[in-house]
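Reviewing the structure listed below.
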Amino acid sequence: MASKVPKMHVLIVGGGIGGLMLGLMLERAGIDYQILERSPELRPLGSAISLNGTVLRLFEQLGLLEDLLKISKAAGRLHLVKEDLETQGHIDLEHFRERYGYHSIVFGRPDFFQMLISHIPAKKILMGKRILSSSQTELGVIVRCSDGSAYHGDILVGADGAHSSIRQCMHKTLKEQGLLPKSDSEKLKFDQNCVVGITNELDPEKFPILKEELCELYGVIGKKNPYTVSLRTSLHYRILFASLHSWTRYLLDCFG
Ligand SMILES: Cc1cc2nc3c(=O)[nH]c(=O)nc-3n(C[C@H](O)[C@H](O)[C@H](O)COP(=O)(O)OP(=O)(O)OC[C@H]3O[C@@H](n4cnc5c(N)ncnc54)[C@H](O)[C@@H]3O)c2cc1C
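Here the sequence shown is numbered in my numbering, starting from 712 and rising by one per residue.
Set out below in structure tokens:
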């Protein structure tokens, strides 16, 4: 039976989580694509990522749920504590399964990254391709790289992060045409530094909470400073941590 998917070639600039995830969806849909990533090699970095149970249906449809659950712990409770570890409140996250059919889950970003890459054919990701410019022609779109190469596609997706060069190219063109909205000329509103990491395997006898089946999430709120620390228990007796999660401060406000 002939495929109903129109023949097209999608260029994805950026091999981060967004670019890889889109590549995977196109792979499943049978649409041709190429991911162009500026780094010479993929470096999975970061700490914890939480996904609400409501999103897991998507992973099931993509045939990724089993692999995702292998690297995840189901979320138990979110504890909000002050700097002196006095408890301010809890949020129960276990109800997700009852309501939506899936637990909310927590996993390490590096593990997730590896999992996505393992489902994408190697030839679909070209490394060391830093995009300097993009332009639209009557036949589609062309991107030019710092190594002198150029790539043509029917659709271009800028998945190149917060300081996207693709977005900057589009802004430049729109500005020249007097079409750039004022809000798009403004600088990014957020400027925060976040320190993230994952411990090595810890001794579960020393930290019995690591033996719990469910992931315990802690938000530790700074006393007089704007900083917070997020800690999550993970598979293999590890702790995923990050500094500065302004949302925990928001939640603390909710608790009064
Ligand atoms: C290092 C790091 C650690 C993080 N850790 C966590 C975490 O622990 N927990 C959490 O919840 N969230 C974390 N985040 C945030 C979350 O992962 C981001 O929201 C998510 O990465 C955004 O995905 P993205 O694909 O849109 O952008 P990014 O992840 O920023 O990926 C953009 C990609 O585009 C590439 N690129 C940029 N410019 C060009 C160019 N000109 N040409 C070609 N390629 C280009 C970059 O090298 C990069 O690989 C982290 C983000 C980063 C970058």
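All residues carry an ideal CB built from backbone N, CA and C; glycine is no exception.
Please go through the same chain and pick out, in chain order, the residues whose beta-carbon is closer than 7 Å to the beta-carbon of residue i, but skip the five residues on each side of it.
i	result
L921	L913, P915, T944, Y948
G908	S758, F952
E739	Looking at the sequence shown, residue 739 is not Glu but Arg. The residues are L773.
H801	R788, L789, H790
In its own chain, which residues sit with a C-beta less than 6 Å from the C-beta of residue i, not counting the 5 before and 5 after it?
i	result
S876	I842
L731	L827
R855	L843, S844, A861
S857	R841, L843
Compare the beta carbon distance of residue i and residue j with 8 Å and say whether it is the shorter of the two.
i	j	result
L762	P821	no
S860	I853	no
L747	L850	no
G741	A870	no
H814	G764	yes
D865	V721	yes
I831	A786	no
L804	L789	yes
Assign residue i to one of two classes, buried (16 or more other C-beta atoms within 10 Å of its C-beta) or exposed (fewer than that).
i	result
E975	No answer is possible for residue 975: it lies beyond the span of the chain, which begins at 712 and ends at 967.
G812	exposed
Q879	exposed
S783	buried
K840	buried
G889	exposed
F770	buried
T848	exposed
V868	buried
M712	At M712, the pLDDT of 46 sits below 50, so the modelled position is not reliable; the number obtained from the coordinates is stated separately. Classification for M712: exposed.
F818	buried
T798	exposed
If you draw a straight line from the C-alpha of residue i to the C-alpha of residue j, how long is it?
i	j	result
L899	S844	21 Å
R749	M736	21 Å
M719	L780	33 Å
L796	G933	10 Å
S941	N904	14 Å
A873	Y744	22 Å
L753	L767	25 Å
T910	K893	44 Å
T959	R808	In this predicted model, T959 has a pLDDT of only 49, less than 50, meaning its place in the structure is not dependable; the value taken from the coordinates is given anyway. Roughly 23 Å separates the two Cα atoms.
M751	F823	Looking at the sequence shown, residue 751 is not Met but Pro. Taking the straight line from one Cα to the other gives about 20 Å.
D778	L891	43 Å
V906	A833	31 Å
H863	Q825	28 Å
L946	S829	20 Å
G967	K917	Low confidence applies here, because G967 scores a pLDDT of 47, under 50, leaving its location unreliable; read the following figure in that light. Looking at the two C-alpha atoms, the distance is approximately 34 Å.
M881	E897	15 Å
K883	E924	51 Å
What would DSSP say about residue i, mapped onto helix, strand or coil?
i	result
T910	coil
C905	coil
L827	helix
A873	coil
H814	coil
E809	helix
E752	coil
K883	helix
I723	strand
Compare the C-beta of residue i against all C-beta atoms of chain B and say whether one is closer than 8 Å.
i	result
K886	Looking for chain B here will not work: only one protein chain is present.
Within a Cβ cutoff of 8 Å, which residues of the same chain sit near residue i, ignoring the five residues on either side of it in sequence?
i	result
K835	G734, E738, Y744, Q745, I746
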